[in-house]
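Residue numbers (our numbering): 1 to 252.
Glycine included, every Cβ here is placed at the ideal spot set by N, Cα and C.
Following: one structure in structure tokens, then a few remarks.
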Ligand SMILES: C[S@@+](CC[C@H](N)C(=O)[O-])C[C@H]1O[C@@H](n2cnc3c(N)ncnc32)[C@H](O)[C@@H]1O
């Protein structure tokens, strides 16, 4: 990869920091998917959340509904943003469960904590950190979720290795993410702004699942995959871009 990892982190933080602070209006891409309505969430569930949460949804799908969460489980959300998936998960795991959201962007954590206060979500905690070096102890999490974040990482192998480390044996992962059919050129990959818009950091889905396998995950399944038009903006000459939901397990 030709761009330094630190540069990617800086550009990504700047983008999501200004969205969280209300400076920038557009969301994951110029197509502007602010708001959860079009992402496949259960509308009855969304109706129970305040507008501040729903309107700061920057994902590309709904990883919570395929996570099969149970009361009492410990859940970790990689790149939790304004917290939408954490709050939905918190209801499902109940008072005996716990949800941790990790995000590296301070302004986003501030918004997530304001939303937490508003909802009185006592079983949710937001931690600052990078998903490539999770501030979470080994073998402590039942379920990892992530929504439109891993494509933004310059070190996908590191993210899946960390996810594997913190999951309990037998734990599971459910992600929604942007993937491609085909490769971006090195010049396209070097466009950090498009990377931060969830476009040019995306990998072909086979490469994505290969990283999961290399980290030790088993029973990897691409649950569904749909065209990401309307979520991210694809330019001329780019490979086809999809929003996929992927699940896998850590061996028991
Ligand atoms: C596209 S938004 C998705 C937010 C949330 N998952 C949702 O569905 O609304 C990406 C989020 O991931 C965070 N993020 C991106 N790369 C990260 C990294 N390497 N480590 C931690 N957080 C990261 C950003 O700060 C931002 O809040």
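- request: Flag residue 194 as yes when its Cβ comes closer than 8 Å to any non-hydrogen atom of ligand 1, and as no otherwise.
  value: No, since every heavy atom of ligand 1 falls outside the 8 Å radius drawn around the Cβ of residue 194.
message: Is residue 200 near ligand 1 - that is, is its Cβ less than 8 Å away from at least one heavy atom of it?
response: No, since every heavy atom of ligand 1 falls outside the 8 Å radius drawn around the Cβ of residue 200.
query: Per DSSP, which one or two residues make a beta bridge with residue 178?
result: DSSP lists 243 as partners of residue 178.
Distance between residue 59 and residue 177 (C-alpha atoms, nearest Å): One alpha carbon belongs to residue 177, the other to residue 59, and they sit about 8 Å apart.
- request: In the DSSP assignment, find the beta strand (DSSP E) that holds residue 76 and state where it starts and stops.
  value: Per DSSP, residue 76 belongs to the beta strand (DSSP E) from 74-78.
query: What is the rounded straight-line gap between the Cα of residue 39 and the Cα of residue 243?
result: Straight-line spacing of the CA atoms in residue 39 and residue 243 works out to 10 Å.
task: Pick helix, strand or coil for residue 152, following the three-state DSSP scheme.
output: Helix.
field: Inter-stretch contact at 8 Å, needing at least 3 Cβ pairs: the segment 107-127 / the segment 143-153
entry: Output reads no: the segment 143-153 does not touch the segment 107-127.
- request: May I ask which residues mark the beginning and end of the alpha helix (DSSP H) holding residue 11?
  value: Under the DSSP assignment, residue 11 falls in the alpha helix (DSSP H) whose first and last residues are 5-20.
- prompt: Comparing alpha-carbon positions, which option in 208, 136, 180 and 87 lies nearest residue 233?
  reply: Measuring from the Cα of residue 233, the nearest candidate turns out to be 180.
Under 9 Å between C-beta atoms of residue 162 and residue 131: Taking 9 Å as the Cβ cut-off, residue 162 and residue 131 qualify as a contacting pair.
message: What does the alpha-carbon distance come out to for the pair residue 210 and residue 159?
response: Cα to Cα, residue 210 sits roughly 13 Å from residue 159.
message: Need the endpoints of the alpha helix (DSSP H) that residue 274 sits in, please.
response: The requested residue 274 does not occur in the structure, where the chain is confined to residues 1 to 252.
- request: Determine the DSSP secondary structure at residue 49, reduced to helix, strand or coil.
  value: In the structure shown, the three-state DSSP call for residue 49 is coil.
Heavy atom of ligand 1 within 8 Å of residue 132 beta-carbon: Yes, Cβ of residue 132 sits closer than 8 Å to a heavy atom of ligand 1.
- prompt: Quick one: what's got a C-beta closer than 7 Å to residue 125's C-beta in the same chain, skipping five residues either side?
  reply: For residue 125, the CB contacts under 7 Å within the same chain, skipping 5 residues up- and downstream, are 100 in chain order.
query: Since residue 208 is in the alpha helix (DSSP H), which residue starts that stretch and which ends it?
result: Counted as a single uninterrupted DSSP element, the alpha helix (DSSP H) harbouring residue 208 occupies residues 205-215.
query: Based on Cα-Cα distance, which residue from 164, 204 and 151 lies nearest to residue 134?
result: For residue 134, the nearest C-alpha among the options comes from 164.
task: Excluding the 5 residues preceding and the 5 following residue 200 in the sequence, name in chain order all residues of the same chain whose CB lies nearer than 7 Å to its CB.
output: The answer, listed in chain order, is 184, 188, 189, 191 and 194.
query: Under 9 Å, do residue 85 and residue 63 count as touching if we go by C-beta distance?
result: Against a cut-off of 9 Å, the Cβ pair of residue 63 and residue 85 comes out as a contact.
Start and end residues, alpha helix (DSSP H) containing residue 253: Absent from the model: residue 253. The displayed extent of the chain is 1 to 252, so no value can be given.
query: In the DSSP assignment, what residue or residues form a beta bridge with residue 313?
result: Residue 313 lies beyond the range of the chain shown here (1 to 252); nothing can be said about it.
message: If the criterion is Cβ atoms closer than 9 Å, does the pair residue 245 and residue 61 meet it?
response: Yes; because the gap between Cβ atoms is below 9 Å, this pair is in contact.
task: With distances taken Cα to Cα, identify the nearest neighbour of residue 252 among 76, 167 and 7.
output: The shortest Cα separation from residue 252 among 76, 167 and 7 belongs to 167.
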